[in-house]
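Below is one structure, written out as C-alpha coordinates; comments come after it.
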Amino acid sequence: MKSISNETTFSDNHKDLESLKKRLWPLCEKVAGRLKNKNLAAATVTLKLKTSSFRSLTRSKTRPAPTQLAEILYRTVLPLLEKEANGTAFRLIGIGASQFADPADADHTDLLDPSPEEYAKIEHVIDTVREKFGTAAIQKGRTPLKK
(Lines of atoms letter the chains of each structure in order from A and count residues from 1; the text may use other names and numbers.)
(Lines give C-alpha, C1' and ligand atoms only; values in the text may rest on other atoms or scores of the structure.)
Protein backbone atom coordinates (compact mmCIF):
# COMPACT_ATOMS: atom_id res chain seq x y z
CA MET A 1 0.00 0.00 0.00
CA LYS A 2 1.39 3.38 -1.02
CA SER A 3 -1.22 5.74 0.40
CA ILE A 4 -4.44 6.06 2.35
CA SER A 5 -6.95 8.63 1.16
CA ASN A 6 -10.55 9.73 1.28
CA GLU A 7 -12.46 12.20 -0.85
CA THR A 8 -15.96 13.49 -1.39
CA THR A 9 -17.74 14.87 -4.43
CA PHE A 10 -20.21 17.67 -3.79
CA SER A 11 -23.73 17.77 -5.19
CA ASP A 12 -23.13 21.48 -5.87
CA ASN A 13 -19.93 23.47 -6.30
CA HIS A 14 -18.23 25.07 -3.30
CA LYS A 15 -16.27 28.33 -3.56
CA ASP A 16 -15.85 29.61 -0.03
CA LEU A 17 -13.07 28.52 2.30
CA GLU A 18 -15.34 27.90 5.31
CA SER A 19 -17.49 25.46 3.37
CA LEU A 20 -14.43 23.60 2.11
CA LYS A 21 -12.91 23.47 5.61
CA LYS A 22 -16.10 21.88 6.95
CA ARG A 23 -15.85 19.16 4.28
CA LEU A 24 -12.13 18.63 4.91
CA TRP A 25 -12.33 17.81 8.63
CA PRO A 26 -14.38 14.57 8.36
CA LEU A 27 -12.00 13.36 5.65
CA CYS A 28 -9.04 13.95 7.98
CA GLU A 29 -10.82 11.94 10.67
CA LYS A 30 -11.44 9.05 8.27
CA VAL A 31 -7.85 8.96 7.04
CA ALA A 32 -6.52 9.18 10.61
CA GLY A 33 -8.81 6.32 11.64
CA ARG A 34 -7.55 4.16 8.79
CA LEU A 35 -3.93 4.98 9.68
CA LYS A 36 -4.58 3.94 13.28
CA ASN A 37 -6.40 0.75 12.23
CA LYS A 38 -3.49 -0.25 10.01
CA ASN A 39 -0.94 0.73 12.67
CA LEU A 40 0.70 3.31 10.39
CA ALA A 41 1.75 6.94 10.53
CA ALA A 42 2.32 9.17 7.51
CA ALA A 43 4.84 11.92 6.82
CA THR A 44 3.29 13.31 3.63
CA VAL A 45 -0.21 14.77 3.51
CA THR A 46 -1.85 15.51 0.14
CA LEU A 47 -4.81 17.75 -0.66
CA LYS A 48 -6.85 16.88 -3.74
CA LEU A 49 -9.29 19.32 -5.33
CA LYS A 50 -11.30 19.10 -8.52
CA THR A 51 -12.67 22.27 -10.09
CA SER A 52 -16.14 22.65 -11.57
CA SER A 53 -14.46 22.26 -14.99
CA PHE A 54 -13.04 18.87 -13.84
CA ARG A 55 -9.44 20.06 -13.54
CA SER A 56 -7.65 18.15 -10.76
CA LEU A 57 -5.23 19.86 -8.39
CA THR A 58 -3.01 18.10 -5.86
CA ARG A 59 -0.83 19.81 -3.29
CA SER A 60 1.38 17.96 -0.81
CA LYS A 61 3.33 18.76 2.31
CA THR A 62 5.86 16.49 3.96
CA ARG A 63 6.04 16.91 7.70
CA PRO A 64 9.30 16.67 9.65
CA ALA A 65 7.75 13.83 11.68
CA PRO A 66 5.01 11.37 10.72
CA THR A 67 1.52 11.53 12.22
CA GLN A 68 -1.62 9.47 12.58
CA LEU A 69 -3.69 12.20 14.22
CA ALA A 70 -6.65 13.86 12.47
CA GLU A 71 -5.88 17.23 14.06
CA ILE A 72 -2.33 17.25 12.71
CA LEU A 73 -3.42 16.03 9.27
CA TYR A 74 -5.96 18.88 9.23
CA ARG A 75 -3.47 21.52 10.42
CA THR A 76 -0.94 20.33 7.84
CA VAL A 77 -3.29 20.43 4.86
CA LEU A 78 -5.25 23.56 5.85
CA PRO A 79 -2.63 26.09 4.59
CA LEU A 80 -2.62 24.25 1.25
CA LEU A 81 -6.41 24.61 1.04
CA GLU A 82 -6.29 28.28 2.08
CA LYS A 83 -3.87 28.97 -0.76
CA GLU A 84 -6.13 27.33 -3.37
CA ALA A 85 -9.52 28.59 -2.10
CA ASN A 86 -9.45 31.84 -4.05
CA GLY A 87 -13.00 31.89 -5.34
CA THR A 88 -12.55 28.91 -7.65
CA ALA A 89 -15.57 26.60 -7.67
CA PHE A 90 -14.67 23.09 -6.52
CA ARG A 91 -16.73 19.93 -6.94
CA LEU A 92 -14.45 17.53 -5.01
CA ILE A 93 -12.12 17.63 -2.03
CA GLY A 94 -9.88 14.87 -0.75
CA ILE A 95 -6.98 14.17 1.56
CA GLY A 96 -4.29 11.53 1.31
CA ALA A 97 -1.51 10.28 3.55
CA SER A 98 1.68 8.60 2.36
CA GLN A 99 5.34 7.98 3.19
CA PHE A 100 4.38 5.58 5.94
CA ALA A 101 6.34 5.10 9.14
CA ASP A 102 6.04 3.25 12.42
CA PRO A 103 3.52 5.01 14.71
CA ALA A 104 6.11 4.78 17.50
CA ASP A 105 8.03 7.45 15.57
CA ALA A 106 4.97 9.70 15.22
CA ASP A 107 3.42 12.60 17.07
CA HIS A 108 6.11 13.35 19.60
CA THR A 109 6.19 16.57 21.56
CA ASP A 110 8.94 18.97 20.59
CA LEU A 111 10.06 22.31 21.95
CA LEU A 112 8.43 24.30 19.15
CA ASP A 113 5.08 22.50 19.26
CA PRO A 114 4.13 20.68 22.45
CA SER A 115 0.57 20.03 21.22
CA PRO A 116 0.84 16.61 19.47
CA GLU A 117 0.78 14.84 22.81
CA GLU A 118 -2.42 16.70 23.78
CA TYR A 119 -4.03 15.95 20.39
CA ALA A 120 -3.17 12.26 20.86
CA LYS A 121 -4.87 12.18 24.28
CA ILE A 122 -7.99 13.88 22.94
CA GLU A 123 -8.20 11.63 19.87
CA HIS A 124 -7.71 8.53 22.03
CA VAL A 125 -10.73 9.52 24.14
CA ILE A 126 -12.79 10.27 21.01
CA ASP A 127 -11.78 6.93 19.45
CA THR A 128 -12.70 5.06 22.64
CA VAL A 129 -16.14 6.68 22.87
CA ARG A 130 -16.81 5.99 19.18
CA GLU A 131 -15.79 2.34 19.52
CA LYS A 132 -18.23 1.91 22.39
CA PHE A 133 -21.17 4.08 21.24
CA GLY A 134 -20.72 4.62 17.48
CA THR A 135 -19.20 7.36 15.36
CA ALA A 136 -22.02 9.85 15.93
CA ALA A 137 -21.65 9.67 19.74
CA ILE A 138 -18.93 12.33 19.91
CA GLN A 139 -17.70 14.88 17.39
CA LYS A 140 -15.43 17.89 17.29
CA GLY A 141 -17.11 21.26 16.88
CA ARG A 142 -15.85 21.64 13.32
CA THR A 143 -17.65 18.46 12.20
CA PRO A 144 -20.67 19.36 10.06
CA LEU A 145 -23.92 18.00 11.45
CA LYS A 146 -25.82 15.55 9.27
CA LYS A 147 -29.29 16.67 8.24
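Counting from 332, one number per residue, gives the positions in the sequence shown under the numbering used here.
Ideal Cβ positions, reconstructed from N, Cα and C, are used throughout, including at glycine.
Neighbourhood of N370 by C-beta distance below 7 Å, restricted to the same chain and skipping five residues each side: P434
Simplified DSSP state of D286, which is helix, strand or coil: The structure shown does not extend to residue 286, since the chain is modelled only from 332 through 478, so no value can be given for it.
Contacts around A416, its chain only, beta-carbon distance under 6 Å, and the 5 residues preceding and following it disregarded: L348, L351
Whole-angstrom distance between T459 and L366, CA atom to CA atom: The alpha-carbon of L366 is positioned some 16 Å away from that of T459.
Check whether F421 and L380 have beta carbons under 8 Å apart: yes
Own chain residues within Cβ distance below 6 Å of H345, not counting five before or after: The answer, listed in chain order, is L351, F421.
CA-to-CA distance, K333 to L404, given in whole angstroms: 17 Å
Ordered list of beta strand (DSSP E) runs contained in the stretch 386 to 440, each at least 3 residues: 387 to 398, 421 to 432
Limits of the unbroken alpha helix (DSSP H) element including L378: Here L378 belongs to no alpha helix (DSSP H); instead the beta strand (DSSP E) covers 372 to 382.
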